[in-house]
Amino acid sequence: MNSNLPTDASVAASGLGKRYGDHWALRDFDLEVPTGSVLGLLGHNGAGKTTAIRILTTLAAPTEGSATVAGFDVAGEPGEVRQRIGLTSQAATVDGLLSGAANLEMIGRLYHLPAKVARARAAELLAELRLEDADDRLVRDYSGGMRRRLDLAASLVASPPVLFLDEPTTGLDPESRNELWDLLRQLVGGGTTLILTTQYLEEADRLADDVVLLDHGRGAATGSPTELKARHGGERVVVTVTVDSELPAAATALERVAAGAPEVDAEELLVTAPASESTRLIEVVRALEEAGVDAHDVRRREATLDDVFFSLTGPRAGATAQPAKAKDDDPEEVTA
Amino acid sequence: MNAESITATLPTTPAGPARLRWLVSDAAVLARRQFAHIRQIPEKLFDVTLQPLMFVLLFSFVFGNVIHVPGGGDYKEYLIGGILVQTLAFGMMGPGISMATDLGEGIIDRFRSLPMSRPAFLLGHLTAEFSASVLAVAIMVLTGLVVGWGISSPPLEALAGFGLLFLLAISMIWLGTLVGVIVRTPDAVQGIAFVAIFPLTFVANTFVPVSGLPDGLRQFAEYNPVSAWAAGVRTLFGNPTAIPDGSAWPLEHSVLASVLWCGVVLAVTVPLTLRAYRRRTTG
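Note that the protein sequences, when read in sequence, are chains A and B. Number 470 in my numbering belongs to position 44 of the first sequence; there are no gaps in the numbering. Number 80 in my numbering belongs to position 73 of the second sequence; there are no gaps in the numbering.
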């Protein structure tokens, strides 16, 4: 069936919005993902990542705006969209009371593959995702990493041209995370369009061609990871003081030697400022000493998602006060 | 087999009657999933297997010689109709729990993102639950026959008796499904079932004739749908009903009243379930 034609596996959205009650989980959301590329949706809990995924995978109807997946409108032709997508959401989307093989076979049958093909495909995927030794074990006895791999296998049953992964590595240990990243890179090599959400800048960095940064339901920035980091990230210098009365003096001292405006965290007694290559820790220490600040700790670190957010959205109120919206990034969905 | 060959075997969304074929085959796949669950957790079937078996044995041997059926007849002959109805009434629990469990987990998102027939999930659920009810009826009838119960009505009436049992089973499965779609946790289903179904099946003619009940309770029992169902089943199977002349209308016309009560339950639960299910699984 049309296998000789170049398959359209692009994803596009324009002015997408979703309202729950009087809260907009997503608003004015635009997206352009070419066939075969990887997009990272980056944001904190409640930023609208899951809402965006749910709309694009036909699980939720948009309140406004429109989106197409593989050339089909998500609201108008959901059946056609479902034929062409695979989804792994945050919560376990496999059946714990079935074996790994039975899960994949059932999903194959629901894609209307003939029984034999579904069985063969299940065996093939289990081997590909190194689960062949656990094929007849109940999924509830799987480890977190195995369960994630099976979830991924489940979304690969029909070899969909477009794949959606909602926080695929949240709750995984570093080793399992690396394993999954390798797998995903292999997949993308095969020309699959991949949209994944993540809270980790590093994950987006390793996998994504482009990143859309979401903040409180709105796209805050778009670009390649390198562009984003160059624009908003970079290294930081962090000073910890012993009493909060020293915070202003520490901030003034840091401002003289750092590469950008310092940010004060009164609760943690921290002052953070962007560091450039020429920022030297010894100079920071000297500046602090001159200002008479009794610094408890002075160090450099890599930019975090928080830093990128801070430079984009101002004070990091969002880091502590998350709007807990049941439909979006439900905390109970973060299972390992 | 490689990825391309899989994509090539994927059928396109059908139109017309082929849609119905997808509905049936998808529902069968999903019903089979629930049967597989029972293989893993056999306790799931206790309420429709061991429990009715236990009730038949306990009541017939413990109360069998103490309770006398007014108007004559053997207590075991009287008892089975009541236990059949009670078990099917509690049969709302299984569908409620399995629906609440599925909707509370991510698996429903997986199903909804697949190109399967939309109503297949509900149909598969109803099919699996109805099979459990059929099994429960079979177990009770067989146990009943062993302890000395029997069907003494003409074949057509007896057949109608089974028809009434299955209509009741379907009504209670819908009721349970409605509860399962509305509540947040499977445990809540159990709580609701206990609080609502337990008194309903006891303040009725399930185990003892209503004529002996004190005023107030007696009137409640007379108009309790459970009484109508039990009396209807007894009537159709030709068992003693212990309904004296001049009883309340639903008892005098128990078969008609039974069917009407099932109609009421279905007329309320089917549209409410579909609406709540749609609301719960979209947006």
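All C-beta atoms in this analysis are idealised placements derived from N, C-alpha and C, irrespective of residue type, glycine included. Since we're looking at a predicted model, the values are computed, not measured.
Status (buried if at least 16 other CB within 10 Å, exposed otherwise) for Gly643 of chain A:
buried
DSSP three-state assignment for Ala721 of chain A, whether helix, strand or coil
strand
Exposed or buried, Ala145 of chain B, counting other C-beta atoms within 10 Å across all chains shown (16 or more means buried)?
exposed
Could you pull out every residue in the same chain whose Cβ sits closer than 7 Å to the Cβ of Ile158 of chain B, ignoring the five residues on either side in sequence?
Ala165, Phe244 and Gly245
Close-in-space but distant-in-sequence residues of the same chain around Thr461 of chain A (CB under 6 Å, 5 per side omitted):
Ala435, Ser436 and Thr619
I'd like to check one pair, Ala478 of chain A with Gly113 of chain B: are the Cβ atoms closer than 8 Å?
no
Sorted by chain position, which residues of the same chain lie with C-beta nearer than 6 Å to Tyr284 of chain B's C-beta, five sequence neighbours on each side aside?
Val188
Simplified DSSP assignment, three categories, for Pro700 of chain A:
strand
Option nearest Trp450 of chain A by Cα separation, candidates A:Val459, A:Gly505 and A:Gly645
A:Gly645
Please determine, among B:Gly239, B:Gly270 and B:Phe62, the residue with the shortest C-alpha to C-alpha distance to Val154 of chain B.
B:Phe62
Supposed close pair Leu442 of chain A, Thr514 of chain A - CB separation, criterion 8 Å
Their Cβ separation, rounded to whole angstroms, is 21 Å, which puts Leu442 of chain A and Thr514 of chain A out of contact at 8 Å.
Backbone secondary structure at Glu403 of chain A - three-state DSSP
What is shown of chain A runs 427 to 762, which leaves residue 403 of chain A out entirely.
Using the rule of at least 16 other Cβ atoms within 10 Å of the residue's Cβ for burial, across every protein chain shown, is Leu27 of chain B buried or exposed?
exposed
Measuring straight from C-alpha to C-alpha, what distance separates Gly101 of chain B and Tyr85 of chain B?
27 Å
Please work out which residues of its chain come closer than 6 Å, Cβ to Cβ, to Phe214 of chain B, disregarding the five sequence neighbours upstream and downstream, and give them in chain order.
Gly89
Using beta carbons (cut-off 8 Å, strictly below), is Thr248 of chain B in contact with chain A?
no
Alpha-carbon spacing of Ala25 of chain B relative to Arg46 of chain B, whole angstroms
32 Å
Starting from the beta carbon of Pro517 of chain A, find every residue of chain B whose beta carbon is closer than 8 Å, and list them in chain order.
Position check: residue 517 of chain A holds Ala in this sequence, whereas Pro was assumed. Per Cβ cutoff of 8 Å: Glu112, Gly113 and Asp116.
Residues of its chain near Leu609 of chain A, where Cβ-Cβ distance is below 8 Å and the 5 sequence neighbours each way are ignored
Leu555, Arg575 and Leu578
So, is the C-beta of Gly505 of chain A closer than 8 Å to a C-beta in chain B?
yes
Using the Cα positions of Ser525 of chain A and Met532 of chain A, report the straight-line distance between them to the nearest angstrom.
11 Å
Considering only C-alpha positions, which residue in the set A:Ala528, A:Ile511 and A:Tyr446 is nearest to Glu490 of chain A?
A:Tyr446
Compute the Euclidean distance between the alpha carbons of Arg286 of chain B and Ser671 of chain A, then round it to the nearest angstrom.
54 Å
From this set, A:Ala486, A:Arg726 and A:Val710, which residue's C-alpha is nearest Val719 of chain A's C-alpha?
A:Val710
Run through the DSSP bridge pairs and tell me what Trp450 of chain A is partnered with.
A:Arg445
When the cut-off is 8 Å and only beta carbons count, does Trp236 of chain B lie next to chain A?
no
Along chain B, in chain order, which residues have C-beta atoms closer than 9 Å to that of Thr484 of chain A?
Arg119 and Ser120
What residues in its chain sit with their C-beta under 6 Å from that of Val697 of chain A, if we drop five residues either side in the sequence?
Val665, Ala676, Ala677, Leu680, Pro688 and Val690
Leu17 of chain B CB to nearest chain A CB: under 8 Å?
yes
Inter-residue Cα distance where the pair is Arg39 of chain B and Ala135 of chain B
7 Å
Would you mind telling me which residues of chain A sit closer than 9 Å to Ile48 of chain B, beta carbon to beta carbon, in chain order?
Leu523
Starting from the C-beta of Leu606 of chain A, find all residues in its chain whose C-beta is less than 8 Å away, skip the five residues before and the five after it, and write them out in chain order.
Gly571, Arg574, Arg575, Leu578, Pro594, Thr595 and Leu598
Enumerate in chain order the residues of its own chain whose CB-to-CB distance from Thr494 of chain A is below 6 Å, with the five nearest sequence positions on each side excluded.
Ala438
Can you confirm whether Ala584 of chain A, when its beta carbon is compared against all beta carbons of chain B, has any partner nearer than 8 Å?
yes
Return no unless some Cβ of chain B is closer than 8 Å to the Cβ of Leu564 of chain A.
yes
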